[in-house]
Amino acid sequence: MTPDEKRTPEERRRAIGERLRTERRRHGWLKPETAQRLRDVLTGSQRPDLDTLVSYIKRWEAGRSGISERYRAAYAEIYGLPEDLLFDVSRSLEQGARPVQSSPAEDVVELAAWLEQSNVGDGVIGYLETATRRLTFDYARQPPLTVLEEATALQAKVTRILRSGRQRIAQTQALLTISAELLAVISLLAGDVGRCRLADVYGYAAWMCADETDSDTARALVLCAQSKTARWEGRFRDAAALARRGFELAPATARGRVLLAVSEATALQSSGDVAAAREALARAQAAADAPGAADQSADAWSCPRARQETYALQVGLGARDPAAMLRSVQAADDAWADGDQWVYGTWAQVRIGAALAHVMTGDPEGATAELEPVFALGDDYRVVTIIGRMSEVGQRLKHSRYGRDPRAAELRDRIRAFQAGSLERKAVTAPEVS
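Final position of the sequence shown in our numbering is 954; the numbers increase by one with none missing.
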(Lines of atoms letter the chains of each structure in order from A; the text may use other names.)
(Lines give C-alpha, C1' and ligand atoms only; values in the text may rest on other atoms or scores of the structure.)
Protein backbone atom coordinates (compact mmCIF):
# COMPACT_ATOMS: atom_id res chain seq x y z
CA MET A 521 0.00 0.00 0.00
CA THR A 522 1.42 3.40 -0.99
CA PRO A 523 1.72 6.24 1.52
CA ASP A 524 -1.09 8.06 -0.29
CA GLU A 525 -3.37 5.02 -0.07
CA LYS A 526 -2.83 4.90 3.71
CA ARG A 527 -4.34 8.38 4.10
CA THR A 528 -7.95 8.83 5.10
CA PRO A 529 -10.14 10.75 2.62
CA GLU A 530 -10.00 13.77 4.90
CA GLU A 531 -6.18 13.61 5.09
CA ARG A 532 -5.99 13.27 1.31
CA ARG A 533 -8.20 16.35 0.80
CA ARG A 534 -6.05 18.37 3.18
CA ALA A 535 -2.85 17.28 1.46
CA ILE A 536 -4.24 18.19 -1.96
CA GLY A 537 -5.44 21.52 -0.59
CA GLU A 538 -1.98 22.29 0.76
CA ARG A 539 -0.45 21.40 -2.60
CA LEU A 540 -2.87 23.67 -4.48
CA ARG A 541 -2.17 26.54 -2.08
CA THR A 542 1.59 26.04 -2.38
CA GLU A 543 1.42 25.97 -6.16
CA ARG A 544 -0.74 29.11 -6.26
CA ARG A 545 1.73 30.96 -4.08
CA ARG A 546 4.64 29.71 -6.17
CA HIS A 547 3.06 31.48 -9.13
CA GLY A 548 2.43 34.60 -7.05
CA TRP A 549 -1.33 34.51 -7.61
CA LEU A 550 -4.03 35.68 -5.23
CA LYS A 551 -7.27 33.70 -4.96
CA PRO A 552 -9.28 36.08 -7.22
CA GLU A 553 -6.60 35.87 -9.92
CA THR A 554 -6.53 32.07 -9.66
CA ALA A 555 -10.32 32.04 -9.93
CA GLN A 556 -10.18 34.15 -13.08
CA ARG A 557 -7.60 31.82 -14.65
CA LEU A 558 -9.69 28.76 -13.80
CA ARG A 559 -12.77 30.38 -15.28
CA ASP A 560 -10.90 31.24 -18.47
CA VAL A 561 -10.01 27.59 -19.14
CA LEU A 562 -13.31 26.04 -18.09
CA THR A 563 -15.47 24.97 -21.01
CA GLY A 564 -19.22 24.85 -21.38
CA SER A 565 -21.93 27.29 -20.44
CA GLN A 566 -22.11 26.37 -16.75
CA ARG A 567 -19.18 28.44 -15.55
CA PRO A 568 -19.52 29.81 -12.02
CA ASP A 569 -18.95 33.51 -11.36
CA LEU A 570 -15.72 34.71 -9.78
CA ASP A 571 -17.11 35.06 -6.26
CA THR A 572 -18.32 31.46 -6.37
CA LEU A 573 -14.98 30.24 -7.68
CA VAL A 574 -13.12 32.10 -4.93
CA SER A 575 -15.33 30.37 -2.36
CA TYR A 576 -14.55 27.01 -4.03
CA ILE A 577 -10.81 27.72 -3.89
CA LYS A 578 -11.05 28.53 -0.18
CA ARG A 579 -12.82 25.21 0.50
CA TRP A 580 -10.45 23.19 -1.68
CA GLU A 581 -7.30 24.70 -0.17
CA ALA A 582 -8.68 24.13 3.33
CA GLY A 583 -9.40 20.50 2.46
CA ARG A 584 -13.08 20.86 3.26
CA SER A 585 -14.34 19.33 0.00
CA GLY A 586 -13.17 17.18 -2.86
CA ILE A 587 -12.51 18.46 -6.38
CA SER A 588 -14.45 17.21 -9.37
CA GLU A 589 -12.74 16.03 -12.56
CA ARG A 590 -13.74 19.22 -14.37
CA TYR A 591 -11.85 21.44 -11.95
CA ARG A 592 -8.91 19.03 -11.66
CA ALA A 593 -8.36 19.39 -15.41
CA ALA A 594 -8.63 23.17 -15.18
CA TYR A 595 -6.10 23.30 -12.33
CA ALA A 596 -3.67 21.13 -14.28
CA GLU A 597 -3.95 23.44 -17.29
CA ILE A 598 -3.35 26.72 -15.44
CA TYR A 599 -0.41 25.28 -13.49
CA GLY A 600 1.08 23.56 -16.53
CA LEU A 601 1.30 20.16 -14.83
CA PRO A 602 0.01 16.69 -15.67
CA GLU A 603 -3.23 16.14 -13.79
CA ASP A 604 -2.14 12.81 -12.30
CA LEU A 605 1.04 14.41 -10.96
CA LEU A 606 -0.67 17.50 -9.50
CA PHE A 607 -3.21 15.49 -7.54
CA ASP A 608 -0.95 12.62 -6.45
CA VAL A 609 0.51 14.04 -3.26
CA SER A 610 2.87 11.08 -2.86
CA ARG A 611 4.89 12.37 -5.84
CA SER A 612 7.04 15.48 -6.01
CA LEU A 613 5.90 18.26 -8.32
CA GLU A 614 9.50 18.79 -9.38
CA GLN A 615 9.11 15.79 -11.69
CA GLY A 616 6.76 17.66 -14.01
CA ALA A 617 6.81 21.31 -13.08
CA ARG A 618 7.76 23.79 -15.70
CA PRO A 619 10.77 25.74 -14.53
CA VAL A 620 9.78 29.23 -13.43
CA GLN A 621 12.86 31.23 -14.30
CA SER A 622 13.25 34.81 -15.40
CA SER A 623 15.85 37.50 -15.50
CA PRO A 624 15.81 40.36 -12.98
CA ALA A 625 14.72 42.73 -15.76
CA GLU A 626 11.78 40.49 -16.65
CA ASP A 627 10.78 40.33 -12.99
CA VAL A 628 10.68 44.13 -12.79
CA VAL A 629 8.62 44.41 -15.97
CA GLU A 630 6.17 41.78 -14.70
CA LEU A 631 5.86 43.61 -11.36
CA ALA A 632 5.11 46.88 -13.14
CA ALA A 633 2.51 45.19 -15.34
CA TRP A 634 0.90 43.59 -12.29
CA LEU A 635 0.74 46.95 -10.48
CA GLU A 636 -0.98 48.55 -13.49
CA GLN A 637 -3.73 45.93 -13.61
CA SER A 638 -7.07 47.30 -12.45
CA ASN A 639 -10.73 46.45 -12.82
CA VAL A 640 -11.83 50.05 -12.23
CA GLY A 641 -10.95 53.42 -13.72
CA ASP A 642 -10.29 56.63 -11.82
CA GLY A 643 -13.42 58.10 -13.42
CA VAL A 644 -15.57 55.41 -11.81
CA ILE A 645 -13.99 56.09 -8.42
CA GLY A 646 -14.72 59.79 -8.87
CA TYR A 647 -18.35 58.96 -9.62
CA LEU A 648 -18.61 56.75 -6.52
CA GLU A 649 -17.14 59.52 -4.34
CA THR A 650 -19.64 62.04 -5.73
CA ALA A 651 -22.55 59.63 -5.32
CA THR A 652 -21.55 58.98 -1.70
CA ARG A 653 -21.34 62.71 -1.00
CA ARG A 654 -24.80 63.19 -2.51
CA LEU A 655 -26.22 60.51 -0.23
CA THR A 656 -24.83 62.27 2.84
CA PHE A 657 -26.77 65.37 1.75
CA ASP A 658 -29.89 63.34 0.98
CA TYR A 659 -29.68 61.85 4.47
CA ALA A 660 -30.75 65.20 5.91
CA ARG A 661 -33.54 65.83 3.40
CA GLN A 662 -35.03 62.73 1.78
CA PRO A 663 -37.18 59.91 3.24
CA PRO A 664 -34.82 57.64 5.20
CA LEU A 665 -35.98 54.37 3.63
CA THR A 666 -35.42 55.81 0.15
CA VAL A 667 -31.89 56.91 1.02
CA LEU A 668 -31.24 53.57 2.74
CA GLU A 669 -32.20 51.68 -0.41
CA GLU A 670 -29.98 53.88 -2.60
CA ALA A 671 -27.05 53.67 -0.18
CA THR A 672 -27.14 49.87 0.06
CA ALA A 673 -27.34 49.61 -3.74
CA LEU A 674 -24.31 51.88 -4.12
CA GLN A 675 -22.38 49.92 -1.49
CA ALA A 676 -23.16 46.70 -3.36
CA LYS A 677 -21.51 48.20 -6.45
CA VAL A 678 -18.40 49.16 -4.48
CA THR A 679 -18.24 45.70 -2.92
CA ARG A 680 -18.50 44.01 -6.31
CA ILE A 681 -15.62 46.10 -7.64
CA LEU A 682 -13.46 45.31 -4.62
CA ARG A 683 -14.17 41.57 -4.76
CA SER A 684 -14.32 40.91 -8.51
CA GLY A 685 -10.75 41.73 -9.41
CA ARG A 686 -7.84 43.85 -8.36
CA GLN A 687 -7.03 47.54 -8.38
CA ARG A 688 -3.98 49.69 -7.99
CA ILE A 689 -3.15 50.27 -4.34
CA ALA A 690 -4.33 53.89 -4.37
CA GLN A 691 -7.60 52.82 -5.99
CA THR A 692 -8.21 50.14 -3.37
CA GLN A 693 -7.57 52.73 -0.65
CA ALA A 694 -10.06 55.10 -2.29
CA LEU A 695 -12.70 52.37 -2.58
CA LEU A 696 -12.25 51.40 1.08
CA THR A 697 -12.58 55.05 2.12
CA ILE A 698 -15.81 55.29 0.12
CA SER A 699 -17.05 52.07 1.73
CA ALA A 700 -16.23 53.34 5.22
CA GLU A 701 -18.40 56.43 4.77
CA LEU A 702 -21.18 54.63 2.91
CA LEU A 703 -21.43 51.90 5.53
CA ALA A 704 -21.39 54.54 8.28
CA VAL A 705 -24.29 56.38 6.60
CA ILE A 706 -26.18 53.09 6.28
CA SER A 707 -25.55 52.50 9.99
CA LEU A 708 -27.06 55.92 10.77
CA LEU A 709 -30.08 55.19 8.59
CA ALA A 710 -30.63 51.74 10.09
CA GLY A 711 -30.67 53.32 13.54
CA ASP A 712 -33.09 56.02 12.37
CA VAL A 713 -35.65 53.36 11.48
CA GLY A 714 -35.14 51.40 14.68
CA ARG A 715 -32.88 48.61 13.42
CA CYS A 716 -30.09 48.92 15.98
CA ARG A 717 -28.71 45.42 15.44
CA LEU A 718 -28.35 46.14 11.74
CA ALA A 719 -26.79 49.49 12.58
CA ASP A 720 -24.22 47.66 14.74
CA VAL A 721 -23.33 45.31 11.88
CA TYR A 722 -22.86 48.10 9.36
CA GLY A 723 -20.93 50.14 11.91
CA TYR A 724 -18.53 47.22 12.42
CA ALA A 725 -18.04 46.81 8.67
CA ALA A 726 -17.48 50.55 8.31
CA TRP A 727 -14.80 50.44 11.01
CA MET A 728 -12.99 47.59 9.27
CA CYS A 729 -12.85 49.61 6.04
CA ALA A 730 -11.74 52.80 7.81
CA ASP A 731 -9.08 50.96 9.78
CA GLU A 732 -7.79 49.25 6.64
CA THR A 733 -7.30 52.65 4.97
CA ASP A 734 -5.54 53.91 8.12
CA SER A 735 -7.51 57.17 7.85
CA ASP A 736 -8.33 59.04 11.06
CA THR A 737 -10.86 61.13 9.14
CA ALA A 738 -12.72 57.98 8.10
CA ARG A 739 -12.39 56.47 11.57
CA ALA A 740 -13.92 59.61 13.11
CA LEU A 741 -17.01 59.44 10.88
CA VAL A 742 -17.50 55.77 11.73
CA LEU A 743 -17.16 56.47 15.46
CA CYS A 744 -19.82 59.16 15.08
CA ALA A 745 -22.24 56.58 13.67
CA GLN A 746 -21.30 53.99 16.31
CA SER A 747 -21.82 56.54 19.08
CA LYS A 748 -25.35 57.23 17.85
CA THR A 749 -26.17 53.51 17.81
CA ALA A 750 -24.81 53.06 21.34
CA ARG A 751 -26.89 56.00 22.52
CA TRP A 752 -30.10 54.54 21.11
CA GLU A 753 -29.28 51.19 22.70
CA GLY A 754 -29.00 52.93 26.08
CA ARG A 755 -25.23 52.46 26.34
CA PHE A 756 -24.64 56.10 27.22
CA ARG A 757 -21.12 55.81 28.65
CA ASP A 758 -20.03 53.83 25.60
CA ALA A 759 -21.66 56.42 23.35
CA ALA A 760 -19.81 59.25 25.07
CA ALA A 761 -16.48 57.41 24.89
CA LEU A 762 -16.92 56.62 21.18
CA ALA A 763 -17.80 60.23 20.38
CA ARG A 764 -14.86 61.58 22.39
CA ARG A 765 -12.47 59.18 20.68
CA GLY A 766 -13.76 60.29 17.29
CA PHE A 767 -13.40 63.96 18.24
CA GLU A 768 -9.79 63.41 19.28
CA LEU A 769 -8.98 61.45 16.11
CA ALA A 770 -10.60 63.87 13.68
CA PRO A 771 -8.30 66.52 12.16
CA ALA A 772 -9.25 70.09 13.12
CA THR A 773 -10.78 70.74 9.69
CA ALA A 774 -12.50 67.36 9.29
CA ARG A 775 -16.21 66.86 8.73
CA GLY A 776 -18.06 65.50 11.73
CA ARG A 777 -15.90 67.05 14.44
CA VAL A 778 -18.58 69.38 15.80
CA LEU A 779 -21.19 66.61 15.61
CA LEU A 780 -18.91 64.30 17.58
CA ALA A 781 -18.58 66.85 20.38
CA VAL A 782 -22.33 67.47 20.69
CA SER A 783 -22.95 63.71 20.46
CA GLU A 784 -20.67 63.26 23.45
CA ALA A 785 -22.61 66.00 25.24
CA THR A 786 -26.02 64.40 24.81
CA ALA A 787 -24.66 60.97 25.78
CA LEU A 788 -23.12 62.42 28.95
CA GLN A 789 -26.39 64.20 29.74
CA SER A 790 -28.27 60.93 29.33
CA SER A 791 -25.88 59.28 31.80
CA GLY A 792 -26.56 62.04 34.33
CA ASP A 793 -23.32 64.01 34.00
CA VAL A 794 -24.68 67.43 33.03
CA ALA A 795 -21.49 69.30 33.96
CA ALA A 796 -19.37 67.15 31.62
CA ALA A 797 -22.06 67.53 28.95
CA ARG A 798 -21.74 71.31 29.11
CA GLU A 799 -17.97 70.99 28.73
CA ALA A 800 -18.53 68.91 25.58
CA LEU A 801 -20.88 71.59 24.22
CA ALA A 802 -18.12 74.14 24.77
CA ARG A 803 -15.71 71.93 22.79
CA ALA A 804 -18.26 71.77 20.00
CA GLN A 805 -18.53 75.54 19.82
CA ALA A 806 -14.74 75.91 19.86
CA ALA A 807 -14.46 73.40 17.02
CA ALA A 808 -17.12 75.24 15.01
CA ASP A 809 -15.31 78.56 15.51
CA ALA A 810 -11.83 77.20 14.74
CA PRO A 811 -10.03 78.64 11.67
CA GLY A 812 -10.52 76.39 8.65
CA ALA A 813 -13.32 74.38 10.27
CA ALA A 814 -15.25 72.20 7.83
CA ASP A 815 -18.16 73.74 5.95
CA GLN A 816 -21.35 73.18 7.94
CA SER A 817 -23.72 72.73 5.00
CA ALA A 818 -26.43 70.41 6.22
CA ASP A 819 -25.56 66.74 5.66
CA ALA A 820 -25.22 63.58 7.70
CA TRP A 821 -22.01 64.74 9.41
CA SER A 822 -22.44 68.50 9.71
CA CYS A 823 -23.67 70.38 12.75
CA PRO A 824 -24.65 73.96 11.87
CA ARG A 825 -25.98 76.33 14.53
CA ALA A 826 -29.56 75.08 14.55
CA ARG A 827 -28.49 71.46 14.94
CA GLN A 828 -26.06 72.39 17.71
CA GLU A 829 -28.96 73.94 19.58
CA THR A 830 -30.94 70.69 19.49
CA TYR A 831 -28.13 69.06 21.47
CA ALA A 832 -27.89 72.03 23.83
CA LEU A 833 -31.64 71.66 24.28
CA GLN A 834 -31.13 68.04 25.38
CA VAL A 835 -28.55 69.11 27.93
CA GLY A 836 -31.04 71.69 29.22
CA LEU A 837 -33.61 68.93 29.54
CA GLY A 838 -31.17 66.82 31.54
CA ALA A 839 -30.56 69.80 33.81
CA ARG A 840 -34.35 70.23 34.24
CA ASP A 841 -33.99 73.81 33.04
CA PRO A 842 -36.94 74.73 30.77
CA ALA A 843 -35.76 78.33 30.50
CA ALA A 844 -32.43 77.16 29.03
CA MET A 845 -34.33 74.85 26.68
CA LEU A 846 -36.44 77.73 25.37
CA ARG A 847 -33.30 79.82 24.87
CA SER A 848 -31.93 77.01 22.69
CA VAL A 849 -35.21 76.92 20.75
CA GLN A 850 -34.99 80.66 20.10
CA ALA A 851 -31.34 80.35 19.06
CA ALA A 852 -32.24 77.64 16.54
CA ASP A 853 -35.09 79.72 15.11
CA ASP A 854 -32.71 82.69 14.83
CA ALA A 855 -30.18 80.50 13.00
CA TRP A 856 -32.78 79.56 10.39
CA ALA A 857 -33.79 83.20 10.07
CA ASP A 858 -30.12 84.02 9.45
CA GLY A 859 -29.88 81.48 6.63
CA ASP A 860 -29.09 78.10 8.20
CA GLN A 861 -30.37 75.32 5.94
CA TRP A 862 -33.69 73.91 7.13
CA VAL A 863 -33.60 70.18 7.87
CA TYR A 864 -36.76 68.32 8.84
CA GLY A 865 -35.18 66.26 11.62
CA THR A 866 -33.53 69.22 13.33
CA TRP A 867 -36.67 71.34 12.97
CA ALA A 868 -38.89 68.60 14.44
CA GLN A 869 -36.60 68.10 17.42
CA VAL A 870 -36.54 71.84 18.13
CA ARG A 871 -40.34 72.01 18.07
CA ILE A 872 -40.61 68.93 20.31
CA GLY A 873 -38.00 70.40 22.66
CA ALA A 874 -40.06 73.57 22.93
CA ALA A 875 -43.14 71.45 23.68
CA LEU A 876 -41.25 69.64 26.44
CA ALA A 877 -40.28 72.96 28.01
CA HIS A 878 -43.92 74.07 27.97
CA VAL A 879 -45.09 70.80 29.52
CA MET A 880 -42.44 71.17 32.24
CA THR A 881 -43.84 74.62 33.09
CA GLY A 882 -47.49 73.54 33.10
CA ASP A 883 -48.49 74.90 29.69
CA PRO A 884 -50.08 72.10 27.61
CA GLU A 885 -51.60 74.61 25.19
CA GLY A 886 -48.14 75.99 24.41
CA ALA A 887 -46.92 72.42 23.88
CA THR A 888 -49.80 71.71 21.49
CA ALA A 889 -49.04 74.85 19.48
CA GLU A 890 -45.41 73.77 19.06
CA LEU A 891 -46.35 70.22 18.05
CA GLU A 892 -49.13 71.16 15.63
CA PRO A 893 -46.84 71.38 12.56
CA VAL A 894 -44.92 68.26 13.63
CA PHE A 895 -48.13 66.22 13.61
CA ALA A 896 -48.35 66.98 9.88
CA LEU A 897 -44.96 65.34 9.21
CA GLY A 898 -45.40 62.49 6.72
CA ASP A 899 -44.96 58.87 7.79
CA ASP A 900 -41.89 58.53 5.57
CA TYR A 901 -40.02 61.01 7.79
CA ARG A 902 -41.03 59.71 11.21
CA VAL A 903 -37.65 58.40 12.34
CA VAL A 904 -37.24 56.87 15.77
CA THR A 905 -35.41 59.99 16.98
CA ILE A 906 -38.56 62.06 16.46
CA ILE A 907 -40.83 59.29 17.77
CA GLY A 908 -38.65 58.92 20.86
CA ARG A 909 -38.76 62.63 21.64
CA MET A 910 -42.54 62.58 21.23
CA SER A 911 -42.65 59.74 23.77
CA GLU A 912 -40.90 62.00 26.28
CA VAL A 913 -43.65 64.60 25.87
CA GLY A 914 -46.33 61.94 26.33
CA GLN A 915 -44.61 60.56 29.40
CA ARG A 916 -44.41 63.99 31.07
CA LEU A 917 -48.08 64.59 30.34
CA LYS A 918 -48.81 61.68 32.70
CA HIS A 919 -47.66 63.79 35.66
CA SER A 920 -50.26 64.18 38.38
CA ARG A 921 -50.59 67.90 37.62
CA TYR A 922 -52.25 66.87 34.33
CA GLY A 923 -54.43 64.12 35.81
CA ARG A 924 -57.74 65.84 35.06
CA ASP A 925 -56.63 68.20 32.31
CA PRO A 926 -58.56 67.43 29.09
CA ARG A 927 -56.01 69.39 27.04
CA ALA A 928 -53.25 67.05 28.21
CA ALA A 929 -55.39 63.98 27.53
CA GLU A 930 -56.14 65.14 24.00
CA LEU A 931 -52.46 65.86 23.34
CA ARG A 932 -51.48 62.38 24.58
CA ASP A 933 -54.01 60.85 22.16
CA ARG A 934 -52.59 62.81 19.24
CA ILE A 935 -49.07 61.76 20.17
CA ARG A 936 -50.11 58.08 20.20
CA ALA A 937 -51.70 58.47 16.77
CA PHE A 938 -48.54 60.12 15.47
CA GLN A 939 -46.37 57.32 16.83
CA ALA A 940 -48.43 54.72 14.98
CA GLY A 941 -46.81 55.96 11.77
CA SER A 942 -43.25 55.32 12.99
CA LEU A 943 -40.77 54.11 10.39
CA GLU A 944 -39.82 51.40 12.88
CA ARG A 945 -43.06 49.66 11.92
CA LYS A 946 -42.14 49.56 8.23
CA ALA A 947 -40.20 46.72 6.61
CA VAL A 948 -36.53 47.37 6.00
CA THR A 949 -34.91 45.65 3.06
CA ALA A 950 -31.29 46.51 3.85
CA PRO A 951 -29.20 43.35 3.38
CA GLU A 952 -26.75 42.01 5.91
CA VAL A 953 -23.08 42.75 5.31
CA SER A 954 -21.37 39.73 3.76
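Ideal Cβ placement from N, Cα and C applies to all residues, glycine included.
Short Cβ contact (7 Å threshold) for residue 826 with residue 656: no
Residue 938 burial status per 10 Å Cβ neighbour count (16 or more: buried): Burial call: buried.
Local conformation of residue 918 per DSSP, three classes: coil
Distance between beta carbons of residue 693 and residue 737, contact taken as under 8 Å: With a Cβ gap of about 13 Å, residue 737 and residue 693 do not count as contacting.
Closer than 6 Å: residue 909 CB and nearest the ligand SAM heavy atom: The ligand content of the structure shown is nil, which means the ligand SAM is not present either.
Three-state secondary structure (DSSP) of residue 587: Three-state DSSP puts residue 587 in coil, outside helix and strand.
Other residues of its chain near residue 856: CB distance less than 7 Å, five sequence neighbours each side excluded: 826 and 862
Distance CB(residue 766)-CB(residue 745) smaller than 7 Å: no
Local Cβ density within 10 Å of residue 550, reported as buried at 16 or more and exposed below that: Burial call: exposed.
Length of the line joining the Cα atoms of residue 760 and residue 880: 27 Å
Of the residues 716, 675, 718 and 742, the one placed nearest residue 728, counting alpha carbons only: With distances taken between Cα atoms, residue 728 lies closest to 742.
N-terminal and C-terminal residue of the alpha helix (DSSP H) that residue 717 is part of: 716-733
Length of the line joining the Cα atoms of residue 704 and residue 530: 42 Å
For residue 823, the three-state DSSP class (helix, strand or coil): Of the three classes helix, strand and coil, the one that applies to residue 823 here is coil, per DSSP.
Inter-residue Cα distance where the pair is residue 883 and residue 762: 37 Å
Residue 560, enclosing alpha helix (DSSP H) - first and last residue: 551-561
Distance, residue 682 Cα to residue 905 Cα: 34 Å
Simplified DSSP state of residue 883, which is helix, strand or coil: coil
Candidates 790, 797, 747 and 740, of which the one nearest residue 770 by Cα: Looking at the Cα atoms, 740 is the closest of the given residues.
Alpha-carbon to alpha-carbon, residue 566 and residue 577: Whole-angstrom Cα-Cα distance: 17 Å.
Alpha helix (DSSP H) segment containing residue 705, residue limits: 689-712
Unbroken alpha helix (DSSP H) run spanning residue 903, endpoints: Looking at the DSSP string, residue 903 is not in any alpha helix (DSSP H), and its letter there is neither H nor E.
Separation of residue 664 from residue 929, as counted between CA atoms: Distance from the CA atom of residue 929 to the CA atom of residue 664, rounded to whole angstroms, is 31 Å.
Distance CB(residue 527)-CB(residue 586) smaller than 7 Å: No, Cβ-Cβ distance for residue 527 and residue 586 is not below 7 Å.
Outcome for residue 902 when other beta-carbon atoms lying within 10 angstroms are tallied against a minimum of 16: buried
Length at least 4, wholly inside the stretch 839-867: the alpha helix (DSSP H) runs in chain order: 842-857
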